[in-house]
Amino acid sequence: PKENTTPLKSNPAFPKLLLGSLLILFLLLAILFFVAFVIIFNKYSQLLEEKNYKVSMKTSIHTNLKCVRNNSTMEGKVWSCCPEHWKSFSSSCYFFSTDANSWNASQENCSRMEAHLVVINSKEEQDFLTQNMDKKSAYFMGLSDPEGQGHWQWVDQTPYNQSATFWHTGEPSHSGERCVIVNHPSPSLQWGWNDINCDILQRSVCEMMKIYL
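Quick note: the sequence shown uses UniProt numbering, first residue 1, plus one each step.
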């Protein structure tokens with residue numbers, strides 16, 4: 001006997017369901033993109049605001065600036081400035097103190113000027129600093145070993161690089177001497193680093209980024 005076959009009928013609602021699903025998916029993706037954009041924009045705005053705040057803080061603390069025309073590629077920044085009585089080198093400004101304090105007090109003094117104890121990153125920077133130092137004095141820098149375990153740390157969290165250090169021969173020499181000075185101990189020696197007790201009063205060098213206007 002001949003079998004009766006029923007032709008398959010397409011579901012007229014299927015294209016509508018597919019279109020609806022695609023629209024919902026597109027809408028969700030659009031919402032996610034918008035939320036991500038808002039988060040990134042807010043983060044960028046916050047970073048820009050913090051940067052502008054730091055600049056405004058520096059300019060409010062340091063009212064007298066010495067500026068030169070900026071040769072860098074920083075967009076919209078015509079002048080690079082250092083506070084009066086500070087020395088300029090590369091992208092930083094440096095203040096050489098004439099009074100003596102402990103390491104902690106020296107760092108606090110730098111912080112009040114929106115700066116930190118100097119972080120030395122190169123031979124060129126070391127040479128610049130020593131050219132502006134008094135050989136009869138020693139100067140605290142922003143390097144310390146808080147636990148006395150030989151784990152030297154820079155105040156700005158720059159990684160400590162043993163190959164870019166300028167210790168005197170035999171230094172560091174004592175686990176109880178947890179702070180570092182730059183000194184010129186005798187005419188027969190060059191400038192170099194020496195570990196020292198943090199409470200001994202010494203001069204210091206503060207460093208801050210140049211102010212760009």
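No residue lacks a Cβ here, since even glycine has one placed at the ideal position from N, Cα and C.
Environment of residue i [buried if 16+ CB atoms lie within 10 Å]
i	result
Ile24	exposed
Ile211	buried
Ile40	exposed
Gly170	exposed
Pro172	buried
Ala30	exposed
Asp127	exposed
Ile176	For clarity, residue 176 is Gly in the given sequence; the question names Ile instead. Per the 10 Å Cβ criterion, exposed.
Distance between residue j and residue i (C-alpha atoms, nearest Å)
i	j	result
Gly20	Tyr160	59 angstroms
Cys206	Phe34	44 angstroms
Thr63	Glu84	9 angstroms
Ile120	Ser92	11 angstroms
Lys77	Ala105	34 angstroms
Met209	His174	33 angstroms
Gln153	Ala36	37 angstroms
Asn101	Ser137	12 angstroms
Asp156	Asn109	15 angstroms
Leu32	Trp79	41 angstroms
Ile181	Asn70	32 angstroms
Thr165	Cys198	19 angstroms
Asp99	Val38	50 angstroms
Leu18	Thr158	56 angstroms
Trp193	Cys81	29 angstroms
residue 219	Gln131	Residue 219 is absent from the model: the chain starts at 1 and stops at 213.
Gln107	Lys43	30 angstroms
Gln149	Asp195	13 angstroms
Leu22	Ser122	58 angstroms
Beta-carbon gap between residue i and residue j smaller than 8 angstroms
i	j	result
Lys135	His168	no
Ser144	Trp103	yes
Met133	Ile61	no
Gly67	Leu213	Correcting the residue type first, residue 67 is Cys in the shown sequence and not Gly. Cβ distance < 8 angstroms, so Cys67 and Leu213 count as in contact.
Phe89	Glu147	no
Ser204	Tyr139	yes
Inter-residue CB distance, residue i and residue j (contact presumed, cutoff 8 angstroms)
i	j	result
Tyr94	Leu129	7 angstroms
Distance cut-off 7 angstroms: residue i Cβ against heavy atoms of the ligand COA
i	result
Glu125	Ligands displayed in this structure: none; no statement on the ligand COA is therefore possible.
I'd like the ranges of any alpha helix (DSSP H) spanning at least 4 consecutive residues and lying wholly in the UniProt domain "C-type lectin" (89-207).
103-112, 123-131
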